[in-house]
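Going by the working numbering, the sequence shown opens with residue 121, and the numbers climb by one from there.
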Amino acid sequence: MNSTDTILIVDDETQIRRLLEITLSADGYKIIEATTGKEGLLMAASHQPAFIILDLGLPDMDGMNVLKKLREWFYKPILILSARNSEEDIIHALDNGANDYLTKPFRTGELLARIRASLRLSQTKKDDAVFQIDDLSIDMVNHIVKKNNELLDLTPTEFSILSLFAKNQGCVLTHQYILKEIWGYGYLEQTQYLRVFVAQLRKKIENNPTKPTLLITESGIGYRFGL
Numbered sequence: 121m122n123s124t125d126t127i128l129i130v131d132d133e134t135q136i137r138r139l140l141e142i143t144l145s146a147d148g149y150k151i152i153e154a155t156t157g158k159e160g161l162l163m164a165a166s167h168q169p170a171f172i173i174l175d176l177g178l179p180d181m182d183g184m185n186v187l188k189k190l191r192e193w194f195y196k197p198i199l200i201l202s203a204r205n206s207e208e209d210i211i212h213a214l215d216n217g218a219n220d221y222l223t224k225p226f227r228t229g230e231l232l233a234r235i236r237a238s239l240r241l242s243q244t245k246k247d248d249a250v251f252q253i254d255d256l257s258i259d260m261v262n263h264i265v266k267k268n269n270e271l272l273d274l275t276p277t278e279f280s281i282l283s284l285f286a287k288n289q290g291c292v293l294t295h296q297y298i299l300k301e302i303w304g305y306g307y308l309e310q311t312q313y314l315r316v317f318v319a320q321l322r323k324k325i326e327n328n329p330t331k332p333t334l335l336i337t338e339s340g341i342g343y344r345f346g347l
């Protein structure tokens, strides 16, 4: 076991920590725990875990502030696991650096799958020349996209959107984040504009655009590329 297998759990609920410890240990991870925000920050700095599971309702400080402080120097995946299920809380966490958000109660199988997806992404160079997912390949350097080895005709904007998703595979990207990255701050409210481009992109990359398996809608929040 080495540091790449270590997951830090920051949660003050004993039952939740116990459930996570059993679930994650059974999947081969080394677990370290913190019950307060301050302790979580100290353990993240001293242990340098590969992944952090962070609750928002901590006894000494709001988990959102812990997230912001972590993102000043910690660049590995952070998943928010919280009873807060409002769209506003989810968007706020994702926009402030969380890679993913799962609400309590949660399914352990889904949690494990999301952790694996985030760790795969963090252990892969995001600027690799060719990105592959299922039957879709994206050549980042030459701006070539193929599906089943057949060339796809993408517009420059469609390619920019697809490459942004590919570099963030498995992460939820909010509408505002995508709009800012592709078009700039002047388009932050143009979510319908984004939906049009996503629909066009799905027609080209999905086997069934009406039931997408690559470019997934996170209702009211944004999109996720892959699991």
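Even glycine gets a Cβ: it sits at the ideal position worked out from N, Cα and C.
Going by alpha carbons, who is nearest to residue i out of the options?
i	options	result
His167	Leu256, Ile152, Gly217, Ile253	Ile152
Leu241	His212, Ala203, Ala286	Ala286
Thr126	Leu274, Ala165, Asn288	Ala165
Gln310	His295, Lys324, Thr134, Ile235	His295
Gly346	Arg236, Phe279, Gln312	Arg236
Asn288	Pro276, Ile336, Ile173	Ile336
Gln135	Thr155, Ile210, Tyr297	Thr155
Taking only beta-carbon positions, decide if residue i is within less than 9 Å of chain C.
i	result
Asp255	In summary, chain C is missing from the structure at hand, where a single protein chain is found.
Helix, strand or coil: how does DSSP classify residue i here?
i	result
Ser166	helix
Asp255	coil
Lys287	helix
Ala233	helix
Ser202	strand
Arg227	coil
Tyr343	strand
Glu301	helix
Lys267	strand
Gly183	helix
Check for me: the alpha helix (DSSP H) holding residue i runs from which residue to which?
i	result
Gly148	No alpha helix (DSSP H) contains Gly148, which DSSP labels as neither H nor E.
Phe317	311-325
Starting from residue i, follow the beta strand (DSSP E) in both directions and report where the run begins and ends.
i	result
Phe171	171-174
Tyr221	220-223
Glu338	335-338
For residue i and residue j, which I take to be in contact (beta-carbon distance under 8 Å), what is that distance rounded to the nearest angstrom?
i	j	result
Met184	Ala213	7 Å
Lys267	Asp259	So it is not a contact: roughly 13 Å between Cβ atoms.
Taking just the CA atoms, how far does residue j sit from residue i?
i	j	result
Asp224	Ile129	With the sequence shown as reference, residue 224 is identified as Lys, and Asp is not the correct amino acid for it. Spanning the two alpha carbons is a distance of roughly 14 Å.
Gln252	Glu326	14 Å
Glu230	Glu270	33 Å
Ala233	Gly304	33 Å
Val250	Tyr343	22 Å
Phe317	Lys158	43 Å
Asp147	Gly306	45 Å
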